[in-house]
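Chemist:
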Amino acid sequence: MHNAEPAVRASVLAKRIKIGEIHVPISSSGCVAAGKAENVLFSPAAASCGKSVQLLTTTFDSFGLAEPILRAVHELGYREPTPIQAQAIPVVLQGRDVMGAAQTGTGKTAGFALPILQRLMRHANSSASPARHPVRALILAPTRELADQIFVNVRDYARHSGLRPAVVYGGVDIKPQIAALRQGAEILIATPGRLLDHVGQRTVSLAQTELLVLDEADRMLDMGFMPDIQRIINLLPAKRQNLMFSATFSNEIRKLAESFLNDPVSIEVARRNATAENVEQTVYRVADSDSKRAAVAKLIRDREIGQVIVFTNTKIGAGRLARQLERDGLNASAIHGDKSQQERLATLEAFKSGAVSVLVATDVAARGLDIAELPAVINYDLPYSPEDYVHRIGRTGRAGASGLALSLMTQGNDERLLGEIEKLIKRKLTPEPLDVGPLVRERPVRGERAERGGRARNGSGGRDDERRDVSRSNGSSRDAAAGGAPMRPRRAREAAADLRRPVLRDDPLFHQPYVPAEPAPASERRSAADSPAAGSAPAGGEPARTAAGRRARKQPLPALLGGIRKH
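The sequence shown begins at -13 in our numbering and counts up by one.
1) When the Cα atoms are used, what is the spatial distance from residue 289 to residue 390?
2) In chain order, what residues of the same chain lie with their CB nearer than 7 Å to the CB of residue 164, ignoring the 5 residues before and after it?
3) Helix, strand or coil for residue 252, going by three-state DSSP, please let me know.
4) Assuming residue 155 contacts residue 177 under a Cβ cut-off of 8 Å, what Cβ separation, rounded to an integer in Å, is found between them?
5) Name the two residues that bound the continuous beta strand (DSSP E) containing residue 201.
6) With distances taken from CA atoms, which of 296, 311, 266 and 254 is nearest residue 280?
7) Name the two residues that bound the continuous beta strand (DSSP E) containing residue 270.
8) To the nearest angstrom, report how far apart residue 237 and residue 148 are at their CA atoms.
9) Let me know the secondary structure DSSP gives residue 281 once reduced to three states.
10) By alpha-carbon positions, which one of 61, 105, 421 and 194 ends up nearest to residue 277?
11) Assign residue 66 to one of three DSSP states: helix, strand, or coil.
12) Count the CB pairs spanning the segment 198 to 205 and the segment 104 to 114 that are closer than 8 Å, and state whether there are at least three.
13) Three-state secondary structure (DSSP) at residue 111?
14) Could you give the distance in angstroms between the alpha-carbon of residue 383 and the alpha-carbon of residue 187?
15) Alpha carbon to alpha carbon, how far is residue 325 from residue 157?
16) Which residues mark the beginning and the end of the beta strand (DSSP E) in which residue 87 is found?
17) What does DSSP give as the partner residues of residue 418 in its beta bridges?
18) Is it a yes or a no for the segment 67 to 82 touching the segment 95 to 110, going by three-plus beta-carbon pairs under 8 Å?
19) If we call anything under 8 Å between Cβ atoms a contact, is residue 300 one with residue 323?
20) Would DSSP call residue 380 helix, strand or coil?
21) Using the Cα positions of residue 184 and residue 282, report the straight-line distance between them to the nearest angstrom.
22) Which runs of the beta strand (DSSP E) at least 3 residues long sit entirely within the segment 300 to 362? Give them in chain order.
23) Measure the C-alpha to C-alpha separation of residue 232 and residue 191 and round it to an integer number of angstroms.
24) Quick one: is residue -11 buried, meaning 16 or more other Cβ sit within 10 Å of its Cβ, or exposed?
25) Where does residue 138 fall in DSSP's three states?
26) Tell me the rounded alpha-carbon separation between residue 315 and residue 65.
27) If distances are taken between C-alpha atoms only, which option among 377, 53, 395 and 380 comes closest to residue 275?
28) If you compare alpha carbons, which of 49, 337 and 374 is closest to residue 357?
29) Please report how far the alpha carbon of residue 387 lies from the alpha carbon of residue 69, in whole angstroms.
30) Check whether the segment 363 to 380 and the segment 241 to 253 are in contact - that is, three or more C-beta pairs closer than 8 Å.
31) Can you tell which of 330, 374, 335 and 320 has its C-alpha closest to the C-alpha of residue 344?
32) Put residue 395 into one of helix, strand or coil per three-state DSSP.
33) For residue 245, does the three-state DSSP call read helix, strand or coil?
34) Looking at the unbroken beta strand (DSSP E) that takes in residue 227, where does it start and where does it end?
35) Could you compute how far the alpha carbon of residue 167 sits from the alpha carbon of residue 225?
36) Could you round the C-beta distance between residue 198 and residue 124 to whole angstroms and report it? I think they count as a contact, below 8 Å.
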C-alpha cells in the first residue's frame, strides 16, 4: 500500500482514516487534507481549516456498504457519490464526529444516512417485537417539510436492510405517530418540539441512542431551538457519535459544535456560505413594490419558465401574491406557516407533480426541499437574513444541473439587504433595470375572503373594501343630487349610515314621568267580588275585571301607547 502524498507539510498530518484500501490524511486540526493515495485523486478545495478533499474516481461500492444498502442505492439510480458524500461517508463509518458543510442540493442527506445505516446493520432483525427495535439514531431537523423529506430518503435507503425508520413532527395528530413508535424504529427523524412532546408522554425512549444528527443546525439556531436541543442532548447517552450538517456554518454554529462535538472532522466541499456556480444569479430593480407582481409575471413569461418557486418574507404576502398571479393567468399556489400540515403537503405534491407551476412560499419551504430539476427561483422579497438567500437559490441547480435565481429589489431597504448578501457570498450582484410597463390597478373584488383574518382575496380588509364601495356609491349619488363637489370618504360613510338608520318619530309617552295607577274604591271592589257577572274568577284564577279595565280593553292598542292624537 502506497503512502499518501499530502498537499500540506507532513508535520501537520497527525492521523489517517482508512477507506477500504484508501488512506485519507487527516490533519491535527481535524481536517481532511488534499493529496493522492492508491492512484485515487484528491483535489484541494477551500475549507475552514484551509484543506479539504474531493474523491474524483470513487464509487459507492468502494465504501464497503452492506449489500442491502448498495442494492437500494443502485435501485435509486445513484452511480457516483457527490463530493460531500465522498468525504463524509468514510469519516462517519470510522465513528468520528463530523461538521459537514456543502452547498444546498449536493446530497448531504445521503452523506450521513448511508453510513448511519451501515453502522446500524448489526442491529438489523426481522423480529416483530418493538423491544428489538429501539431508537439507535436520532436525526433532528428544524422544519416539518425537511423532516418528512429526510424520512422518505432514509426509508428508501433502508428498504432492504431490516432497519425501521420513523418520523415525528408537529402540526398533525400525534396518535398515528405514537402507534408508529410503539412498533419500534431504529432511526427516528424528528423536529425538536414534537420529540419533547413524545418524551413527556413516554412514548419514546432515547436511552440506547448511538448517533445524533443535527441537520440545518444554523436554521435551528435562528428559530430558537437551542434550549430544546440542549434538553434532548441531556436525555442521550454520553457515549455517542455526533454529526452536524448544513449548507452554512456561522461562527455561532461553530461555537455550538464545540460544546458537544468530540474532536470533530470539519468537511467542506466549497468555500463557506458559497452559492453554486451552476446557478445564474440576476437582480432586477423595479420602480416600486406595486411593480413586483407584474415583474414576476413578466419574468416567468419572457423567460418561459415552466416551474418556479417565488419567495416572500411574509405569510400574508405569499397568499396575496399567489392570488394575484392566478388572476394574471398563472397556475399558482401558496405555502406558508399558517397552512395546516396536510395543506402544505398537498400543495408540495401538486407542485412536484406539475399540477401547480408557481409555488409562492415563505422561508419555511427554503430549507431541505428537493424538487427534481427545478429550473428557477425568484426572490420576490430579498431575505432579511443573507444566509436564507443561499438556501433559497439552492432549490435550483441541484445535483449538478443548471439553475436560474432571479431577485427583485426597490430603492431603500433592499439596497442594504443586497449589500449584506454580497458580503456573505463574496460576489457582486449588479442590479439591472426592469420595465414592467403601465400597471393595471385591479379593483378589489367584493365578498372575497383570504385564508386568515377575514381579509379580501386581494390582501386588504374585505369589510373595509365593502364599506368603501358603499360609501363611494352613496356619497357620489348624494353629491350628484345636491350638485356639489364629491364628499370625503369619512363624511360619505356617515351619510350612508344616516340613510340606513330608521327614522324614529317623537312620541310624548316616552317623555312623561311614570305615574302609578290609583287603586279602585272599596265599594267597587266589593260589588265586583259579589257579582259573578262582573267577571270575577274563582280562587286561584284571574283577578276581577273592573269597569275601568273594560274601558281600557275597548281602546285600540295604539291609543295605549300614545300613538293616536286628538286634533
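Glycine included, every Cβ here is placed at the ideal spot set by N, Cα and C.
Modeler: Walking through what the data contain:
1) Taking the first residue of the sequence shown as position 1, residue 289 is located at position 303. Taking the first residue of the sequence shown as position 1, residue 390 is located at position 404. Distance between the alpha carbons of residue 289 and residue 390: 10 Å.
2) On the sequence shown, position 178 is the one that residue 164 refers to. Excluding its 5 nearest sequence neighbours in each direction, residue 164 has C-beta neighbours in its own chain below 7 Å: 189, listed in chain order.
3) Reading the sequence shown from its first residue, position 266 is the one you call residue 252. For residue 252, the secondary structure class from DSSP, reduced to helix, strand or coil, is strand.
4) Numbered from 1 along the sequence shown, position 169 holds the residue referred to as residue 155. Numbered from 1 along the sequence shown, position 191 holds the residue referred to as residue 177. Right, their Cβ atoms sit about 4 Å apart.
5) The residue given as residue 201 occupies position 215 in the sequence shown. Start and end: 197 to 201.
6) In the sequence shown, residue 280 corresponds to position 294, counting from 1. The shortest Cα separation from residue 280 among 296, 311, 266 and 254 belongs to 311.
7) On the sequence shown, position 284 is the one that residue 270 refers to. Taken as a continuous stretch (DSSP letters only), the beta strand (DSSP E) holding residue 270 covers 265 to 271.
8) Taking the sequence shown and counting its residues from 1, one reaches residue 237 at position 251. Taking the sequence shown and counting its residues from 1, one reaches residue 148 at position 162. Put simply, the backbone Cα of residue 237 is about 40 Å away from that of residue 148.
9) Numbered from its first residue, the sequence shown carries residue 281 at position 295. In this structure, residue 281 counts as helix in the three-state DSSP scheme.
10) Numbered from 1 along the sequence shown, position 291 holds the residue referred to as residue 277. If we check each option's Cα against that of residue 277, 421 comes out closest.
11) Mapped onto the sequence shown, residue 66 falls at position 80. Of the three classes helix, strand and coil, the one that applies to residue 66 here is coil, per DSSP.
12) Short answer: they don't touch.
13) As a working note, residue 111 is residue 125 in the sequence shown. In the structure shown, residue 111 sits in coil (DSSP, three-state: anything other than H, G, I, E or B).
14) To locate residue 383, count along the sequence shown from 1; it is residue 397. To locate residue 187, count along the sequence shown from 1; it is residue 201. Those two C-alpha atoms are separated by around 42 Å.
15) On the sequence shown, position 339 is the one that residue 325 refers to. On the sequence shown, position 171 is the one that residue 157 refers to. C-alpha separation (whole angstroms): 9 Å.
16) As a working note, residue 87 is residue 101 in the sequence shown. The continuous beta strand (DSSP E) containing residue 87 extends over residues 84 to 87.
17) Reading the sequence shown from its first residue, position 432 is the one you call residue 418. Paired residues: 270.
18) The segment 67 to 82 makes contact with the segment 95 to 110; the number of CB pairs closer than 8 Å reaches 3 or more.
19) Mapped onto the sequence shown, residue 300 falls at position 314. Mapped onto the sequence shown, residue 323 falls at position 337. Not a contact, by the Cβ cut-off of 8 Å.
20) By one-based count along the sequence shown, residue 380 stands at place 394. Residue 380: coil per DSSP, three-state reduction.
21) To locate residue 184, count along the sequence shown from 1; it is residue 198. To locate residue 282, count along the sequence shown from 1; it is residue 296. One C-alpha to the other measures close to 43 Å.
22) Entirely contained in the segment 300 to 362, the beta strand (DSSP E) runs reaching 3 residues are, in chain order, 318 to 321 and 344 to 347.
23) Mapped onto the sequence shown, residue 232 falls at position 246. Mapped onto the sequence shown, residue 191 falls at position 205. Each residue's alpha carbon lies about 27 Å from the other.
24) For the purposes of this step, residue -11 is taken as residue 3 along the sequence shown, with counting starting at 1. Low confidence applies to residue -11: its pLDDT is 39, below 50, so where it sits in the model is not reliable enough to give any reading.
25) Taking the first residue of the sequence shown as position 1, residue 138 is located at position 152. DSSP places residue 138 in the helix class (H, G or I) of the three-state scheme.
26) As a first step, residue 315 is located in the sequence shown; it is residue number 329 there, counting from the start. As a first step, residue 65 is located in the sequence shown; it is residue number 79 there, counting from the start. Separation of residue 315 and residue 65 (C-alpha to C-alpha, rounded to the nearest whole angstrom) is 41 Å.
27) For the purposes of this step, residue 275 is taken as residue 289 along the sequence shown, with counting starting at 1. If we check each option's Cα against that of residue 275, 395 comes out closest.
28) Here residue 357 refers to the residue found at position 371 when the sequence shown is read from its first residue. Among 49, 337 and 374, the Cα nearest to that of residue 357 is on 337.
29) As a first step, residue 387 must be located in the sequence shown, where it is residue number 401. As a first step, residue 69 must be located in the sequence shown, where it is residue number 83. Residue 387 and residue 69 have their C-alpha atoms spaced approximately 15 Å apart.
30) Output reads no: the segment 241 to 253 does not touch the segment 363 to 380.
31) One-based indexing of the sequence shown puts residue 344 at position 358. Nearest to residue 344 by C-alpha distance, out of 330, 374, 335 and 320, is 320.
32) The residue labelled residue 395 in the question sits at position 409 within the sequence shown. In the structure shown, residue 395 sits in a strand (DSSP, three-state: E or B).
33) Here residue 245 refers to the residue found at position 259 when the sequence shown is read from its first residue. Helix.
34) Along the sequence shown, one-based indexing puts residue 227 at 241. Looking at the DSSP string, the run of the beta strand (DSSP E) that includes residue 227 is 227 to 232.
35) Position 181 of the sequence shown, counted from the first residue, corresponds to residue 167. Position 239 of the sequence shown, counted from the first residue, corresponds to residue 225. Distance between the alpha carbons of residue 167 and residue 225 is about 23 Å.
36) Against the sequence shown, residue 198 aligns to sequence position 212. Against the sequence shown, residue 124 aligns to sequence position 138. Right, the Cβ-Cβ distance comes to about 5 Å (below 8 Å), so this counts as a contact.
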